[in-house]
Amino acid sequence: NRTEEGVEHLLVSLVRTLSWLLCRVGLLLCTPRLKTHLKNICLQYLLLNSHCFCLLKNGTGLIIFFLCAYVPKTEAGRCKWEEVLQDLQAIKTSKDIDVSLYTANADEDEECQELVMRCFFLETEVIFQECRIKNCSKTQDVWNIWKNGNDSFEKNKLASTKSEKCKECEEYEEKNFTEFVQNFEKVIQRDCKHWSKRHKLVKNILT
């Protein structure tokens, strides 16, 4: 029994050491944009390897654990769409882009927000293809917007069911580029506003 306990203890120690080394290597190799998120993951790892496991034995501990897991999804104090807003500001005055796009309403019901966001990012790909053909001066900014949204939604697959009140992209009216960007900005600002409220709520609970 003592031998088995010794082997088990050794294996646990090796796993902990290896996990921590991977965290450290990751911080050295990853891009600056990912470092904040990775640091948060490493911090959670350290907490879990301490005596904090005892917290999971009660309801309060579980609540704290899930709140901690929720907070690091975005960089501290920043909405994940902040860079998209900056890129939208950069392209909104472009004279090179002349295309009609399915444009979702900025005031759709809250439960349709994700579908609306996906619609805007899908239409951004249309702008990108147009820019590639015309060699627009803002092609890189458009690509940044599309890539940012695509990466985000790839990690969060849309549920197979949706509310009947939510529209598909093709059901929205086609509008010009200027109106499209204006609505896109409003939708993102709305999403960031809701994120900020949730972030503050979680932060207040934890502090």
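Residue numbers (our numbering): 409 to 615.
Glycine included, each C-beta is placed from N, C-alpha and C at the ideal position.
For clarity, every value in this text was computed on a predicted model and none was experimentally measured.
Asked, Found
"At the level of alpha carbons, what is the spacing between C544 and L523?", "28 Å"
"Roughly how many angstroms lie between the CA atoms of L496 and T425, to the nearest whole one?", "44 Å"
"Quick check on K573: buried or exposed, where buried means 16 or more other Cβ atoms within 10 Å of its Cβ?", "exposed"
"Have a look at I532 and V550 and give me their C-alpha separation to the nearest angstrom.", "Residue 532 is actually Thr in this sequence, not Ile. Going by the C-alpha atoms only, they are around 7 Å apart."
"Going by DSSP in three states, K594 sits in which element: helix, strand or coil?", "helix"
"Which same chain residues, not among the five before or five after F536, have their C-beta less than 8 Å away from its C-beta?", "T547, V550, W551 and W554"
"With a cut-off of 8 Å on the beta carbons, I'd call C577 and W489 a contact; round off their distance for me.", "In fact, because the Cβ distance is near 19 Å, the residues do not count as touching under 8 Å."
"Classify N591 as buried or exposed, calling it buried when 16 or more other Cβ atoms lie within 10 Å of its own Cβ.", "buried"
"Tell me, which residues are paired with K583 by DSSP?", "L509"
"Suppose contacts are defined by Cβ-Cβ distances below 8 Å. Is L493 in contact with K583 by that definition?", "no"
"With burial defined as no fewer than 16 other Cβ atoms inside 10 Å of the residue's Cβ, what is the status of I541: buried or exposed?", "exposed"
"Tell whether a beta-carbon distance below 8 Å holds between T501 and F588.", "no"
"Let's see if you can read the secondary structure: which residues bound the alpha helix (DSSP H) around T532?", "Q521 to K542"
"In three-state terms, what does DSSP make of W489?", "coil"
"I'd like to check one pair, K594 with A498: are the Cβ atoms closer than 8 Å?", "no"
"Can you tell me the Cβ-Cβ gap for F585 and D506, rounded? I've got them flagged as a contact below 8 Å.", "7 Å"
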